[in-house]
Amino acid sequence: MDGEIMKQKYEPVIGLEVHVELNTKSKMFCSCKAEYFGKKPNTQTCPVCLGLPGALPVPNRTAIEWCIKIGMALNCDIPLESKFDRKNYFYPDLPKGYQISQYDQPFAMNGSIEIRNRQKAIRIRRVHMEEDTAKLVHEFGNQNAKIKDQKYTLIDFNRSGVPLVEIVTEPDFDNAQDVKEYLQKIQQIVRYLDVSEADMEKGMMRLEPNISLHVTRNTTHGKNNVSPVTSHLLPSYKVEVKNINSFKYVEKAINFEIDRQAKILDEGKTPVQETRGWDEKKQITVSQRSKEEAHDYRYFPEPDIPPFEWTDKKLLELRGQLPELPSKKLERFIKEYNLSSYDAEILTREIQTADYFEEAITVSKDRNVTPKQLANYIINRKPDLEKTLPVQLVQNIIAASKTATVDEKHLEKVVQDVIIENTKAVEDYKKGNEKVMMFLIGQVIRKLKEKVDVNIIKSEIERNLK
Amino acid sequence: MKLNELTIAQALEGLKKKQFSSVELTKACIAQIKKHNREINAFITVCEEGALEQAKKTDNLASKGDAFRGKIPLLGIPIALKDLFSTKGIKTTAGSKVLENYMPPYDATVVEKLKAAGAVIIGKTNLDAWGHGSSGENSDFGPTKNPWNKAYVPGGSSSGSAAAVATDMCLGATGTDTGGSIRTPASFCNVVGLKPTYGRVSRYGIIAMASSLDSIGHLTKTVEDAALLLNVTAGNDSHDATTPIKEVTDYTKKIKDGIKGIKIGLPKEYNVKAKIDSSDIKIFQDLGAEIIDISLPHTEYAVACYYIIQPAEVSSNLARYDGIRYGSERQNFGEEAKRRIMLGTYTLSAGYYDAYYKKAMQVRTLIREDFIKAYKKVDVILAPVSPTAPWQLGTKADDPLKMYLSDIYTVTANLAGIPSLAVPCGFSKEGLPIGMQILGPQFSEETLFKIGYFYQETTGWHKQKPVMRVKKENG
């Protein structure tokens, strides 16, 4: 259906559950190695993560502290009392018949996170700790006569018991693009905290949106006979979408689901409350489980793990260990180094780049290289930061500018002159004709006495055209 | 006296003096098992070969001199394990067909500790399947019989352990006590049973019944032996998050210090004066203890509370036996396990949780507080173990509620997480053993041993042994 019409008639209501696997050394409740990617199946197991009779869970302190740090980074309250609960359900990937999770006393709750293009921050309902399940590997056919030409499933317990943090938002999203941005933020934050690689393709970060459509009041499409709802009420159903295993498909899957539900609503029906799975091959969502089969998880406090009591001192200590978070760093870079928000955003995207940049600043002091130059060099030349030491980088910049020491004030004046003198070309450029840039650069070079790096001229023109 | 009839303390002395070897001691136990197990059904698995091998090893170690003994405190002592304790390479059934062929790949912490202390694992004892029962009749491997009268129940769920100790098939045996499963069989078979403080002994590797109530203890011939075993099994375990880091004292050290000045409470709700002989109470007074009447007002709700919390945890703990991995379908669960799975699943379900489980947890807090208040006035509490003497096999088997009510005096200690020591205190008019329990505050085992020891030494009830006759196989 036409996106614009849809937007008028229906407003998507989207809440998210994001699972993040922590990269602790050991698993959540035993001392088996937590890193399982690419490991030979069932080589990292013990009685605890196999759920053998008599085995008991002993909580991983580091994982819990990291979970709390994620909560802190998402501006959550950290309750002084917390506990684990058992979530009882049957599935072949769950060897104990229950998952150790948190029900009514998560480690963190009531947080928020800001994303671009939104007035209101996204509210975080809770951040809790649980254990990952084993991994089911579905196969078909085998040499073995018993399963020849048959479907069968193998279970790899290497993943069983890996620490998993679940971040749940309020239903505050109304479009797929924001969801993607939120996910990128979460990924950035956990990477800053160095608690997870959060690689979606490797299953280290998983997204489960629940999506419904809210019928806006002033719909004029009377033929559909959809009863209007008041705007503060949530829709009477919601659809959970699982198996979105790649950043690439986040928007696609959500938009598919929005369109699917809109069509049902257009027919005057209400979508079924259910769990659907994203089918990557067909690029559609398919029904997995309906409401009638919904679980009653029979939560109760995990008797094998005593409840937790935090002291203010302990929480303060954890807070003190938090690194400067991306949003703060971005703000500071703009202020302290006089960078454009665009440059600062690129430099702070990954903490490694930001750290590198600041190291380079330290070594470039007294060497007449400005932060702006460093930023330009890193952003435009894209040097391999892992192979180039900051000192080297600074030397490279100095070497490059020896032939072209720029008097920045002079350069700025020349650029401004060229812009004034070439109004037609500037207009063309602003309309999107990027070829004109080369003409403008040529004009600047002609007026300059000394030789200046083309990139520096280019970025100076761009800066002045903003 | 035959070697298998010795207490642990006596056997250690004899081994030390080289009066006999561990192999001889172990052989005597195995001979006794072979003679009587067919009738009593105390053992599910007998580890004859392994035990003799282990005994030989300990004899070799012992020959290296006495220096070893301090570090290896149970060197050469044959011990039986309730079949809930995971034993690497020895089948562990939980008394259920569901685990009929389950071979654990690891040892429970207690088993590791016992082995490290030089104990010889002689076999795995019978029990009510999964620990579900007060009589020993719920085993999928047939009921254990009371050695004092084979028409009677031995008490459960540690039925095989109690019967094995009572009949000298081993020198001591481990047990688990979730609502009386050590104390009831101990009192029905005239042996000593210790239910330690919750968390004092690691639960790791012991098949869970109800995780917040399970207490790991043992059954022995004397109170001193109970202290000797606790010396080995107690302590923090990095595999069990519910075991506090709390020093383990030598529990035998003060055992003979006397009970002068100790305050003993008699709770009116436990009907103590009707169940325990007034002469027994006088014994304590004669030894210098003070007797004080007390009240534990929430006792009447204990059984109801227990039979909500326990099945709830049972239903969750038994979920892993899902028919996929242990080679046995869920319909192989016995009636009692099915009953508890259904009860627990129901009380934890949405809409019922608040009315049942949550309420029961609140009552549990009140019961715990009853004891905390009482222990401000008294050092220990004296109570009967069972409201009745052992009953005839089959008489309560079809009435679960009647069976549950037999736990009335034992479940409170589990709900409160406190220790209790059951000691023999005489015989019914049918000639069947009766026991009483001494309950103390958390981690007061040392005091309990002191009191139990003096009572035992004064009365000598524990020295009475059932008369064992072997039926001739060919008439």
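Read top to bottom, the protein sequences are chains V and W.
Mapping the first sequence onto the working numbering, position 211 (from 1) lands on 1033, and the numbers just tick up by one.
Mapping the second sequence onto the working numbering, position 23 (from 1) lands on 73, and the numbers just tick up by one.
For each residue, glycine too, the CB sits at the ideal point set by N, CA and C.
It should be emphasised that the depicted structure is a prediction, and the values quoted were computed from it without experimental measurement.
Taking 7 Å as the CB-CB limit, is residue i close to chain W?
i: V:P863; result: no
i: V:N910; result: yes
i: V:K918; result: yes
i: V:P1125; result: yes
i: V:V1108; result: no
Beta-carbon separation of residue i and residue j under 7 Å?
i: V:S1018; j: V:V842; result: yes
i: W:S261; j: W:S231; result: no
i: W:L269; j: W:G243; result: yes
i: W:I547; j: W:T462; result: In this structure chain W extends from 51 to 525, so residue 547 of chain W is not present and cannot be described.
i: W:W180; j: W:A387; result: yes
i: V:S1281; j: V:N1198; result: yes
i: W:V96; j: W:G173; result: yes
i: W:H86; j: W:T217; result: yes
i: V:C889; j: V:M850; result: no
i: W:Y376; j: V:P869; result: no
Quick one: Cα of residue i to Cα of residue j, how far?
i: V:I1278; j: V:G1142; result: 40 Å
i: W:N321; j: V:K1064; result: 60 Å
i: V:N980; j: V:K905; result: 25 Å
i: W:Y248; j: V:K1070; result: 52 Å
i: W:L132; j: W:G476; result: Per the sequence shown, residue 132 of chain W should be read as Lys rather than Leu. Whole-angstrom Cα-Cα distance: 26 Å.
i: W:S136; j: W:G255; result: 5 Å
i: V:P863; j: V:Y920; result: 22 Å
i: W:K426; j: W:L465; result: 19 Å
i: V:V1191; j: V:E1079; result: 52 Å
i: V:G837; j: V:P1128; result: 32 Å
i: W:K408; j: V:L878; result: 24 Å
i: W:S265; j: W:A169; result: 21 Å
i: V:L958; j: V:P1205; result: 41 Å
i: W:I484; j: W:V215; result: 16 Å
i: V:T1041; j: V:V1094; result: Only weak support is given to the placement of V:T1041: the predicted model assigns it a pLDDT of 45, under 50, and the question is left unresolved by the model.
i: V:D1016; j: W:A212; result: 55 Å
i: V:E1284; j: V:R948; result: 43 Å
Excluding the 5 residues flanking residue i on each side, which residues of the same chain have their C-beta closer than 8 Å to its C-beta?
i: V:R1203; result: N1277
i: W:G308; result: L337, G338, K500 and F504
i: V:N1047; result: With a pLDDT of only 45 at V:N1047, under the threshold of 50, the placement of this residue in the model should not be trusted; the figure read from the coordinates follows. Counting only Cβ-Cβ distances below 8 Å, and skipping sequence neighbours, we find G1090.
Under 7 Å Cβ to Cβ from residue i, same chain only, skipping five residues before and after it: list those, please.
i: V:I1066; result: L1029, V1072, A1075 and W1100
i: W:P154; result: S136, T137, K138 and T142
i: W:Q335; result: I341
By the 10 Å Cβ neighbour count, where 16 or more other Cβ atoms means buried, how is residue i classified, buried or exposed?
i: V:A967; result: exposed
i: W:R233; result: buried
i: V:H1043; result: Note that V:H1043 has pLDDT 46, beneath the 50 cutoff, so the model's placement of it is unreliable and the number below is only indicative. Counting Cβ neighbours within 10 Å, V:H1043 comes out exposed, since fewer than 16 surround it.
i: V:I1242; result: exposed
i: V:V1108; result: exposed
i: V:T1052; result: Legend: pLDDT at V:T1052 = 44, less than 50; position of this residue unreliable, no value from coordinates given.
i: W:K332; result: exposed
i: V:L976; result: exposed
i: V:Y1014; result: buried
i: W:G311; result: exposed
i: W:L471; result: buried
i: W:Q104; result: buried
i: V:D1134; result: exposed
Is residue i close to chain V, meaning its C-beta is less than 7 Å from at least one C-beta of that chain?
i: W:Y156; result: yes
i: W:Y356; result: no
i: W:A466; result: no
i: W:L398; result: yes
i: W:T247; result: no
i: W:I417; result: no
i: W:D290; result: yes
i: W:N382; result: no
i: W:A369; result: yes
i: W:Y402; result: no
i: W:Y320; result: no
i: W:C79; result: no
Using C-beta distances below 6 Å, list every residue in its chain close to residue i, excluding the 5 sequence neighbours before and after it, in chain order.
i: V:Q1265; result: V1240
i: V:L1207; result: Y1178
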